[in-house]
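Notes for the one structure printed next.
Numbering (the working numbering), first residue to last: 1 to 272.
This is how it looks when you write it as structure tokens:
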């Protein structure tokens, strides 16, 4: 009797048995560039749901057995008072990941910012203004205010530049220095001193009152008496410091002159 021929498995069964395991990630070119990144594979495998348990390198059998059980108290006189219950891992993992509270950085307000100043911007240095109505003029740096702005003056008697605040972005620091150690500045020269005063119309509107927005005010800006007094005092002290220096006449003509660039001059190659 001839042996019976074995039946070949059907297509589905053969494909199921012979099909290799398909990995979750694969290379897309010859340089082994993977299709998914490590972070994406970590998310696809849901590995973040598995708790990581750190075990020491050497652990005795008693400690391992003790860690596998939990002692629970049981009531009743004849129950022994406690039971050892085996620790079981959860059968299923949560479908949604609980949100974690992220510790935000403390808010750093503008008042807490560090006011840094360039090394060549020292009190008494002659600066060149690059913006504003007085651009091109050479002024003297008096001090740095709390807001980080620079307090400068012409002095006004020489080039018409009064006491002003200016950002260090819009100045060029030169190597020319004037000794202003003996120049006493008024204590009220701060940021609030130079703050612009709001008009009555704007202050009433911000307070919630009714004000005529179409009314035209004929009141023009006028310099206060205290500002005139402070300007005269600072100019007098600064002119004395310029005169006391060895190059008084040269400094006066230098501060009166305007800075300009002619054709063919390269500002980045200049030494101020």
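Built from N, CA and C at the ideal position, the CB exists for glycine as well.
This structure is a prediction, so every number in the text was calculated from the model and none was measured.
| field | Beta-carbon gap between residue 152 and residue 164 smaller than 7 Å | value | Here residue 152 corresponds to residue number 152 of the chain shown, with the count starting at 1. Here residue 164 corresponds to residue number 164 of the chain shown, with the count starting at 1. Cβ distance < 7 Å, so residue 152 and residue 164 count as in contact.
| Mind pulling the alpha helix (DSSP H) runs of 4 or more residues that sit fully within the region 94 to 178? | The region 94 to 178 contains these whole alpha helix (DSSP H) runs: 156 to 159.
| For the alpha helix (DSSP H) that contains residue 42, what are its first and last residues? | Within the chain shown, the letter at position 42 stands for residue 42. Counting along the chain, the alpha helix (DSSP H) containing residue 42 begins and ends at 38 to 44.
| query | Taking just the CA atoms, how far does residue 268 sit from residue 28? | reply | Here the question's residue 28 lines up with position 28 in the chain shown. Here the question's residue 268 lines up with position 268 in the chain shown. So the alpha carbons of these two residues sit roughly 50 Å apart.
| Does the region 152 to 162 come close enough to the region 222 to 242 to have 3 or more Cβ pairs within less than 8 Å? | Yes, the region 152 to 162 touches the region 222 to 242.
| Using DSSP with H/G/I as helix, E/B as strand and the rest coil, what is residue 270? | Taking the first residue of the chain shown as position 1, residue 270 is located at position 270. Residue state, collapsed to three classes: coil.
| request: List the whole-angstrom C-beta distance separating residue 177 from residue 124, where the pair is believed to meet the contact cut-off of C-beta under 8 Å. | output: As a position in the chain shown, residue 177 is number 177, starting the count at 1. As a position in the chain shown, residue 124 is number 124, starting the count at 1. The pair is a contact, with the Cβ atoms about 5 Å apart (cut-off 8 Å).
| query | Expressed to the nearest angstrom, what Euclidean distance is found between the alpha-carbon atoms of residue 1 and residue 30? | reply | Within the chain shown, numbered from 1, the residue matching residue 1 stands at position 1. Within the chain shown, numbered from 1, the residue matching residue 30 stands at position 30. Note on residue 1: pLDDT 49, under 50, position unreliable in the model; the coordinate value appears next. Spanning the two alpha carbons is a distance of roughly 56 Å.
| query | Cα-Cα, which of 154, 146 and 104 is closest to residue 128? | reply | On the chain shown, position 128 is the one that residue 128 refers to. Ranking 154, 146 and 104 by Cα distance to residue 128 puts 154 first.
| field | Proximity below 7 Å, CB of residue 40 to CB of residue 24 | value | Along the chain shown, one-based indexing puts residue 40 at 40. Along the chain shown, one-based indexing puts residue 24 at 24. No.
| Is residue 238 buried or exposed, if buried means 16 or more other CB atoms sit within 10 Å of its CB? | Here residue 238 is taken as the residue at index 238 of the chain shown, counted from 1. Classification for residue 238: buried.
| message | Using 7 Å as the threshold, is the C-beta distance between residue 69 and residue 86 below it? | response | Position 69 of the chain shown, counting from 1, holds the residue named residue 69. Position 86 of the chain shown, counting from 1, holds the residue named residue 86. Yes, Cβ-Cβ distance for residue 69 and residue 86 is below 7 Å.
| Leaving out the 5 sequence neighbours to the left and right, which residues in its chain are closer than 8 Å to residue 82 when beta-carbon positions are compared? | Position 82 of the chain shown, counting from 1, holds the residue named residue 82. Residues 71, 72, 73 and 74 of the same chain have their beta carbon placed closer than 8 Å to that of residue 82, with the five preceding and five following residues left out of the count.
| said: Pull the bridge partners of residue 351 from the DSSP assignment, please. | reply: Not covered by the structure: residue 351. The range shown for the chain is 1 to 272.
| field | residue 121 CB to nearest heavy atom of the ligand FAD below 6 Å | value | This structure does not include the ligand FAD; it has no bound ligands of any sort.
| message | Please state the DSSP three-state secondary structure of residue 219. | response | Indexing the chain shown from 1 puts residue 219 at position 219. Reduced to three states, the DSSP call for residue 219 is coil.
| Meets three-Cβ-pair contact criterion under 8 Å: the region 134 to 148 and the region 186 to 193 | These segments touch.
| DSSP-derived helix/strand/coil call for residue 19 | For the purposes of this step, residue 19 is taken as the residue at position 19 of the chain shown. Residue 19 carries a coil assignment under DSSP once its states are collapsed to helix, strand and coil.
| residue 254 lies in the alpha helix (DSSP H); which residues open and close that run? | Along the chain shown, one-based indexing puts residue 254 at 254. Where residue 254 is concerned, the enclosing alpha helix (DSSP H) stretches over 248 to 256.
| Grouping DSSP H, G and I as helix and E and B as strand, with all else coil, what is residue 47? | Position 47 of the chain shown, counted from the first residue, corresponds to residue 47. In the structure shown, residue 47 sits in a helix (DSSP, three-state: H, G or I).
| task | For the alpha helix (DSSP H) containing residue 27, list its first residue and its last residue. | result | Position 27 of the chain shown holds residue 27. Careful: residue 27 lies outside any alpha helix (DSSP H) and carries neither H nor E.
| query | When DSSP builds the beta bridges, which residues end up paired with residue 34? | reply | By one-based count along the chain shown, residue 34 stands at place 34. In DSSP, residue 34 forms a bridge with 27.
| task | State the DSSP-derived secondary structure class of residue 189, mapped to helix, strand or coil. | result | Mapped onto the chain shown, residue 189 falls at position 189. For residue 189, the secondary structure class from DSSP, reduced to helix, strand or coil, is coil.
| Run through DSSP, which three-state label would residue 53 get? | Within the chain shown, residue 53 is the residue found at index 53, counting from 1. If DSSP states are grouped into helix, strand and coil, residue 53 belongs with coil.
| query | From residue 174 to residue 196, what does the alpha carbon distance come to, in whole angstroms? | reply | Looking up residue 174 in the chain shown gives position 174. Looking up residue 196 in the chain shown gives position 196. The straight-line gap from Cα to Cα measures roughly 30 Å.
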